[in-house]
Amino acid sequence: MLIMRHELLLIAITVILLIVEIFLPNTQKHKIILPAILLMAAVTVIGFFPGTPGVLFGGMFQSTQLTMMFKNILNIGVLIVFIQSVDWLKQDQNKEKISEFFLLMLATLIGMNYMISSGDFLMFYIGLELATIPVAALAAFERLKEKSAEAGVKLIFSSALSSGILLYGLSMIYGTTGTMYFADVAPLITGVPLQVLAFIFFFAGMAFKISLVPFHLWTADVYEGAPVNVTSYLSVISKGAAVFIFTIILYTVFSKIAVMWSDLIYVVTILTITVGNLFALRQQNLKRFLAFSSIAQAGFILLGVIGQSQLGMTTVIYFVLVYIFSNLGAFGVVGIISNRTGKENINDYDGLYRTNPNLSLVMMLALFSLAGIPPLAGFFGKFFLFTAAAKQGYYILVLIALINTIISLYYYLLVIKAMLLNNSDHPIAKIRSDNYTRLGLLICVAGMVIIGFTSSIYEMVFNLSFGLY
Amino acid sequence: MFTEYIFHFLSILSLFSAVMVLASKKPIHSVLFLTLAFFAIAGHYVLLNAQFLAVVHVIVYAGAIMVLFLFTVMLLNLNKDEQSQKPMWVKIMAVIAGGMLMLTLIGILRKYDIQSVQDPMTTQIGLVKNLGKILYNDYFVPFELSSVLFLTAMVGAVLLGKKEQI
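Protein sequence lines correspond, in order, to chains A and B. Each residue of the first sequence is one higher than the one before, counting from 1 in our numbering. Each residue of the second sequence is one higher than the one before, counting from 470 in our numbering.
Shown next as structure tokens:
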């Protein structure tokens, strides 16, 4: 029981919320917000109690200290998303759909939890689907808006296609090895052409989910069309969980053909960082802008994956942790401004500092952290990723990544310049944010600053990542 | 020997109908050819002694999903010849990309020495009894998790189908 406690707790609160939902009349749906957030907070806190690592159901489900910690990271992220969404959920057009939002979010979180502690490809696949399909419904949450409905349809089609490719790869792995368990498959991976092709299909399927170039084309449209809070969830939590299990499978199951996949990742990393950055330069809509910036950030994460070591695993997890706080901070500000004023373009942010100094400050810190400016956590995240890649001798790759960091600094600074320096005749009026939004942004800022200054978190992740590679 | 003839017949039938799904001009013809393809694949399952899979395949795909497809084609009145025309270079690129994938697949499968294959007639793995045992022993957690997936899918459907005041 204790081994699976994260998942069982989440299922329990999902069922509780489902039952509460039934008894709430249509006009009282907003009363579910506070219990949902409190229950999620309770699950997050309980998750931090020391647990027992172990294997359940004959290797189908495996829980280690590392997966437990990553589940805690995901819990924190989802909690922040919940808190940030309250302002948006209380709007008139969403009032009757509040409980569905929480239920679908929790279901995806359950899927991710099972996915990251799966010990079997079938389990992994079901978890992956549970983590993707409900998000499509969430992306179409404001379905009367054409763009939101379009985002939902695009997400479900692209994820169906990528799942198909992934399953084709998995079927080949099953065909060549005769088993689906990670532990049994790993020694049977010998690098015969069929297995290499299977790996490429698996890689392509996962690259769709993580939105790596050249499988990124759905990202910008979906991120732009979906409601801001769903976008932030997609770009941070979904991506983080997929990256984590992807790295684990690469390191454990496919470790024997590491020579082959490191070449593949080398090329994909360069493409992802460069294309993501160059397209981000051209964006005017902030959601599209953050979408391309998140593609570029996914490319940076691959630098840690290519590190192929305990250090590589550590840097990936550490960067995801930092990225959660930074990106949720940026999306939090974009979300509150978009909800209150409907403005999403960079030009609209001209002179924001004069009217909303606090929001601009949070946005500035978040963008600095995403760009990697020293005192903030984002700098250390990127720095460690570069170290991991450099230790394996990928100096040219690190150089290209560094050049791209400079490019990314330029476009992040463009937004900051608009907020702080540009003058506007019609700046966004003063926004009085409610306490939920303030709390959400405060947690993000605290995360960015504290993680940057406490090295013990990195040490802890490093010690837990031992023995994976 | 007899099964070999059936195998060849079913293979040709499924490939032919799969090509016709893409090649037919009218959507309704595509849907009907797709049904034919599903039946041919179900025949393959029977040849592999996987009767349960064959029956499920016919019921779910050829039954439920195809009826949905037909309804959609009928209700949206798609039965007109108005396919969007792609530019020529897109078609050429698609043919090159697909052809390369096909060449790779053929080459790899020719090279691969299939050893671990078991005779489906002797293992009896595809029978309902054995399948149930595996499903409820080895694959119990994914099986139960898929029920959570269905619950969530229902919640999502309710969310998208809810009546909204504007």
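Don't be surprised by glycine CBs; every beta carbon is placed ideally from N, CA and C.
Quick one: is I565(B) near chain A, going by C-beta distance under 9 Å? no
Residue span of the beta strand (DSSP E) that contains Q554(B), given as start and end: Looking at the DSSP string, Q554(B) is not in any beta strand (DSSP E), and its letter there is neither H nor E.
Considering only the alpha carbon of each residue, which of V624(B), L517(B), L544(B), F485(B) lies closest to I594(B)? L517(B)
Residues that L56(A) bridges to, as DSSP identifies them: Per DSSP, F61(A).
Using CA atoms only, rank isn't needed, just tell me which of K95(A), G169(A), R288(A) is closest to P25(A). K95(A)
What does the Cβ neighbour count give for V529(B), buried or exposed, with the cut at 16 atoms within 10 Å? exposed
Alpha-carbon spacing of Y323(A) relative to A563(B), whole angstroms: 37 Å
Are the segment 450 to 457 of chain A and the segment 97 to 106 of chain A touching by the rule of at least three beta carbon pairs closer than 8 Å? no
Alpha helix (DSSP H) segment containing L596(B), residue limits: No alpha helix (DSSP H) holds L596(B); DSSP gives it neither H nor E.
Residues of the segment 53 to 72 of chain A with Cβ closer than 9 Å to any Cβ of chain B, in chain order: L56, F57, G58, M60, F61
Is N327(A) closer than 9 Å to Q284(A) when the C-beta atoms are compared? no
When the distance is taken between beta carbons, is L409(A) closer than 9 Å to G372(A)? yes
With a threshold of 9 Å between beta-carbons, can L618(B) be considered close to chain A, or not? yes
Quick check on I133(A) - is its C-beta less than 9 Å from some C-beta in chain B? yes
Where the alpha helix (DSSP H) through K382(A) begins and ends: From DSSP, the alpha helix (DSSP H) with K382(A) extends over 377 to 391.
Give every residue of the same chain whose Cβ lies closer than 6 Å to the Cβ of I270(A), excluding the five residues on either side of it in the sequence, and list them in chain order. I400
Determine which residues of the segment 591 to 613 of chain B have a Cβ less than 9 Å from any Cβ of chain A, and write them out in chain order. N606, D607, Y608, F609, V610, P611, F612
What residues from chain A crowd round G568(B), counting only those whose CB sits closer than 9 Å? Here the premise fails: no neighbours, minimum Cβ distance about 16 Å.
For the segment 521 to 544 of chain B, enumerate the residues whose C-beta is nearer than 9 Å to any C-beta of chain A, in chain order. none
Got a sec? Which residues, its chain only, sit under 8 Å from I273(A) by beta carbon, not counting five neighbours each side? A296, G299, F300, I400, A401, N404
So is P496(B) buried or exposed if we call it buried at 16+ other beta carbons inside 10 Å? buried
When you compare the CB of A136(A) with every CB in chain B, is at least one pair closer than 9 Å? yes
Excluding the five sequence neighbours on either side, which residues of its own chain have a C-beta within less than 6 Å of the C-beta of F208(A), listed in chain order? S162, F215
Thinking G329(A) and V362(A) are a contact (beta carbons under 8 Å), I'd like their distance in whole angstroms, please. 6 Å
From the DSSP output, in three-state form, read off Y608(B) for me. coil
Please report whether the beta-carbon of Y251(A) lies at a distance below 9 Å from any beta-carbon of chain B. For Y251(A), not one C-beta of chain B is nearer than 9 Å to its own C-beta.
Determine the direct distance from the alpha carbon of M4(A) to that of L130(A), and round the result to whole angstroms. 17 Å
Under three-state DSSP, which class holds D425(A)? coil
Hey, L618(B) and I133(A): beta-carbon distance below 9 Å or not? yes
Quick check: what's the CA-CA separation for L10(A) versus L79(A)? Whole-angstrom Cα-Cα distance: 12 Å.
Can you find a CB in chain B that lies within less than 9 Å of the CB of K147(A)? no
P50(A) CB to nearest chain B CB: under 9 Å? no
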